[in-house]
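Just below is one structure, and these are the notes that go with it.
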Amino acid sequence: MNLEESIEIAVKGCGAELYDIVSLKENDSNIFRIYVTQQGGISLDKCAEISRMISPILDIEEPMQGKYNLEVSSPGIERKLKKPQHYKSSVGEKIKLKDFEKNIIKGEIIAADDNEVKIKTEHGEEIITYDEISSASTYFEW
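The sequence shown begins at 1 in the numbering used here and counts up one residue at a time.
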């Protein structure tokens with residue numbers, strides 16, 4: 001079992017779902033950020049509970065050579081979409097994506113499966129396979 005699978009089991013044990021794991025550097029500090037979701041939204045108390053459950057796992061399988069700050073949070077209303085599951089759970093939301101030819105497509109996700117996403121744009125419907133997508137995220141019109 002790898003580190004991500006161990007973390008996913010701990011998160012599910014707390015009644016939430018693992019959305020993503022990101023390792024990054026901010027202001028000369030290493031950040032090991034775990035994004036989690038839950039039906040009805042994720043609370044600060046739930047993030048703290050998950051952090052307490054994950055900490056012992058990270059003591060055994062240290063990420064980032066053991067020099068990091070652990071953060072557990074919601075991916076937010078405007079979040080990156082990386083996996084087919086992210087697209088499936090975002091049906092009905094607005095999306096902005098860029099393909100590898102640097103074309104930008106904006107619209108609403110109307111369907112998604114394991115291979116492609118269907119987006120309703122101002123020009124009609126577009127079907128894009130995941131291997132054509134360079135980056136994608138949901139967005140909220142304020």
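Glycine residues also receive a C-beta, built at the ideal position from the N, C-alpha and C atoms.
Query                                                                                                      : Result
Do you know offhand how far K96's Cα is from E62's?                                                        : 35 angstroms
Identify every residue that forms a DSSP beta bridge with R52.                                             : Its beta-bridge partners do not exist; DSSP assigns none.
Going by CA-CA distance only, name the one from Q39, I104, S73, E4 that's closest to I133.                 : I104
When the distance is taken between beta carbons, is T37 closer than 8 angstroms to A16?                    : yes
First and last residue of the beta strand (DSSP E) that includes G124?                                     : 124-129
Give the DSSP-derived three-state secondary structure of Y139 in the structure shown.                      : coil
Which whole-angstrom value is the C-beta distance of F100 and Y68, which I expect to be below 8 angstroms? : F100 to Y68, Cβ: 31 angstroms. No contact.
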